[in-house]
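Protein sequences appear in the order of chains A and B.
When the letters of the first sequence are read in order and numbered with the numbering used here, they come out as residues 15 to 479.
When the letters of the second sequence are read in order and numbered with the numbering used here, they come out as residues 1190 to 1362.
Where a beta carbon is used, it is the ideal one built from N, C-alpha and C, also for glycine.
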Amino acid sequence: MTKTILLLTAALLAAPLAAQDLGAPMGEDQKVESVAVEGEDADGPLRGTVTDEAAWSDIGIAIPAFATDRERPTPANEAGTGALGREIARVITANLRNNGLFKPVGPDSLPQPAFSAIRAPAYGAWSGQGAEMLVQGYVTARDDGRLVVGCYLYDVALQQQLVREGWVVAAADWRRAAHKCSDLIFSRLTGESPFFDSRIAYIAETGPKDRRVKRLAVMDSDGANHRFLTLGSATALTPRYSPDYSKILYLSYVDGNPRIYVYDIGSGKQTLVTENRNPTIAPRWSPDGKSILFSMAVAGDTDIYLIPATGGTAKKLTDTPGIDVGGSYSPDGSKIVFESDRSGSQQCYIMDADGKNQKRISFFGGRCATPEWSPRGDQIAFTRIAGDFNVAVMNTSGGGMRVLTRGWQDEAPTWAPNGRIIQFFRTEKNTGRSGIWQVDLTGQNERRLPTPVDASDPAWGPIRP
Amino acid sequence: MNTKLATILLLASASTLAACAKKAPDDIPPPPLETTPTPTPTPRPTTPAGPAVGTQAHFAAAVGSSTTIYFDTDRYNVDTQDAAALQAQAQYFARYPQITFTIEGHADERGTREYNIALGEKRANAAKAYLVSLGVDGSRISVVSYGKERPVALASNEAAWAQNRRAASVIIN
C-alpha cells in the first residue's frame, strides 16, 4: 500500500507542467570565473573607507565606455564588443547612482578612452574634467564566444590605481561582469560588502484589483533580466531564494489551497515542502539552506514549523492559540525573529532556533509584522503598522526603532546581501497597484525599481556564487 | 484507516489537479450536472424553474445574503448577526445533505499578506465550527483562505474593508 501511495504521489508530481502552472525552466547558472588583469599593483592606502556616507556624495566618478581590443560581434550586443563596452559602463553608472552614495558621470557624456589607455589613464585630462575617481575597463570576445571584462578603479588626484579585477563570463551574462565591477568599486570606496551581483525573486502582478494575476518572477538586483517562472493560472505569493540560488520556496494556490512548494530552478520541477492536507504559508530558508521554516494552519490555528530541506518530519516551534507566522533567522542561525498576535495584536518575538525562550521584543506602539533579520545581524527590518504601513528597523532587542518610509502601505522588507539597503513593496490606495521600492538605512535614498509590470513580495538573494 | 484516508486524499488531489489542467483552479467551478437523484417522489419538470439544487445560485436564492458572514478588524469571532446567517445556512445544508461546500475566509487589504492568510483561515474555521455545532457534518465542509487576495469591494475605505472581512460559503459539488 505504501508503495502504491508513493507511485501515486510520483505520478502527481510528474503531472503536466500546465497543471503546475510552471513556465520553462531557467536552467543551470553559468559560472563566472575571475581572471588576472594587467596593471600596476594597487598598493596605496585604502582611501575610501568611510563612516559618514554624506562625505562621498560629492565625489566625481567618471565611468567612460569600456574599450575593446578589436570590434567583434557578440551575442551580448549585435553592434559588437565596442557597443557592449558602452552598455557595461552604463550599467555600472546606474548601479552607483541608484544607491544614493555616489554621483557618477556615465559614458554618454564622457570621452571614450582607447584600449591602450585602459591601463595608463590620461590623468591630466580626467583631472581637468573634475573627475576625482575614474573607472575604466575593457571587454574582449574570446574565440569560444565568452567575454573577458576587465575593471580598473583609479584615483585621479593621486594618479594611482586603487583596485582592478577581471572576469570571464558567458555572453548572456555580460551584466554580471558589470555588477561585479560595480561591487568592486563600491566595496573599495566604502569599505562595505558587495551587493550588486545578486538576484531578487518577486511576484509580478497584472489585472484588476479583484482578479489580480500573480506570477512568480525573478530579476537582477537592478531590475534587469526579468523572467517569469509561473504562467499565472494560479496565484503565486511570497517567494524566497535559497542561499545557493538553486531553489525558490513560494506559495501557490495551484491545487486550490495555499501551499508551499520548493521550485528547483535548474530543472523547473517543484515539490510540496511537506505532504500535508493543511495549508502551509510563509516559507523561509535557514542561512545554511539545510532547513526550511514554514507556517501551517491546523483547524485555523497557525504555528511555525521547521523541516529539513531534504524532507522529513516537521517540528513544531510555536504553540499558541493565536497566529504565529513567518520567521527570519539571525545570520548565525541561532535565533529566529517572528510575528505573533498572542498578545492581542501582531508583534515581533525572538526565539532560539529550537523554539525555546520565546519573548516579545516590540514595545513601541503600533504593530510589528514581517520581521527580517539583517545579514549583518545587528538590525531587524519589519512592517510597522500604526495607521499607515511603513518599513522600519530596530535593533535585536527591539530598541532604536526608526521608520524609514512614508507610503500609505509599505510592506514586507527584504535586505540587500550587505545589509545596507532594504527593498519592500508599496501598494497604492484604491487602485491596489503595487511596485517594488528600495530605501537605504538613512531613509533618504528611496527609489522605485523598474519592473515590466506591477510587483510585490521582493526577496533579495545573497551575493551570487 | 490511515491508508484509506491517504487514498481518499490522493484521489481528491488527483481530481483537483485534473481540473486544474483545464482551467484556473481559483475560478468558481461551473455548475455541475445533476447526478444525485432527488428524493422527492414528484417527477422532475422538463424545464426546471429557477436554479438547480447543488448550485451556488440555488443556495443564494434560498438563504439570501446569509451565504456570507462578516468580521470586525482582526477578529474572527461569530457574532449575533453571523450566528443568524449560519443558522440559515445550517438549515439549508440539513435539507440538502448531499451537498458539500467550501468556506472561503478573507481579510481586508489593511493587513500584511501572510498574516491575512492565517486570519482568513481562522475566520473560515470559526464559521465551520459554528456550522458543525449546528449539526452540519464537518466532512462536508472544506475551508480555504485567500487572505487579502480576493477582495469583493475595491475601494480603500472602511466600508469596503468591512465587506472584504468575510467568510463566504460556496457550493462546490
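Any residues in the region 1314-1336 of chain B with a beta carbon nearer than 9 Å to a beta carbon of chain A? Which ones, in chain order? N1314, A1315, K1317, A1318, S1331, V1332, V1333, S1334, Y1335, G1336
Can you grab the Cα-Cα spacing for the pair R104/A / V232/A, in whole Å? 22 Å
DSSP three-state call for Q1270/B: helix, strand or coil? helix
Stretch pair the region 389-400 of chain A + the region 425-439 of chain A: three plus CB contacts closer than 8 Å: yes
Who does M415/A pair with in a DSSP beta bridge? In DSSP, M415/A forms no bridge with anything.
Using only CA atoms, which one of V46/A, Y277/A, G380/A lies nearest to P39/A? Y277/A
Distance check for G1324/B and A1357/B, CA to CA, integer angstroms please. 19 Å
Short-range partners of chain B found in the region 140-166 of chain A, where Cβ spacing is below 8 Å: none
Below-8 Å beta-carbon distance, E219/A vs any chain B residue: no
Use the C-beta contact count for R1264/B: other C-beta atoms within 10 angstroms, 16 or more gives buried, fewer gives exposed. exposed
Residues within the region 1340-1352 of chain B neighbouring chain A, beta-carbon criterion of under 8 Å: P1340, V1341, L1343, A1344, S1345
DSSP three-state assignment for P4/A, whether helix, strand or coil: The structure shown has nothing for residue 4/A, since chain A only spans 15 to 479.
Output yes if chain B places a C-beta closer than 8 Å to the C-beta of G62/A; else output no. Here G62/A scores only 33 on pLDDT, less than 50, and its place in the model should not be relied on; the value that follows carries that caveat. Output row for G62/A: interface = no.
Which class does D8/A belong to by DSSP, given the choice of helix, strand or coil? Here chain A has residues from 15 to 479 only, and residue 8/A is not among them.
Report the residue from P345/A, Q175/A, G340/A whose alpha carbon sits nearest the alpha carbon of Y363/A. G340/A
With P301/A and G347/A assumed to form a contact (beta carbons below 8 Å), what rounded beta-carbon distance in angstroms separates them? 5 Å
Contact residues within the region 1273-1287 of chain B, judged by C-beta distance below 7 Å to chain A: none
Within the region 428-472 of chain A, note down every full beta strand (DSSP E) run reaching 3 residues or more, in order along the chain. 435-441, 448-454, 460-462
Would you mind reading off the limits of the alpha helix (DSSP H) that contains H193/A? 188-204
Distance CB(E42/A)-CB(G303/A) smaller than 8 Å: no
First through last residue of the alpha helix (DSSP H) which encompasses V105/A: 95-112
For F377/A, count neighbouring Cβ atoms within 10 angstroms of its own Cβ and tell me buried if that reaches 16, exposed if not. exposed
I want to know whether the region 325-333 of chain A touches the region 1307-1317 of chain B - three or more CB-CB distances under 8 Å. no
Taking 8 Å as the threshold (beta carbon to beta carbon), is R1302/B in contact with chain A? yes
Cα-Cα separation, A81/A to S201/A: 23 Å
Contact with chain B by G270/A, beta-carbon distance below 8 Å: yes
Closer than 9 Å between beta carbons: that is the criterion. Which residues of the region 443-455 of chain A meet it against chain B? K443, N444, T445, G446
Chain B contacts from the region 329-359 of chain A (Cβ-Cβ distance under 8 Å): I337, V339, G340, E353, D355, S359
Cβ neighbours of A1313/B in the same chain (closer than 8 Å, five flanking residues each side left out): I1292, E1293, G1294, V1332, V1333, S1334, A1356
Limits of the alpha helix (DSSP H) - the one that W140/A falls within: 137-142
Distance CB(A248/A)-CB(Y264/A) smaller than 8 Å: no
Beta-carbon of E425/A versus every beta-carbon of chain B: anything under 8 Å? yes
DSSP beta-bridge partners for H1247/B? Answer by DSSP bridge pairing: none, since H1247/B is not bridged.
Beta strand (DSSP E) containing N1314/B: first to last residue? Premise fails: N1314/B lies in the alpha helix (DSSP H), 1302-1322, not in any beta strand (DSSP E).
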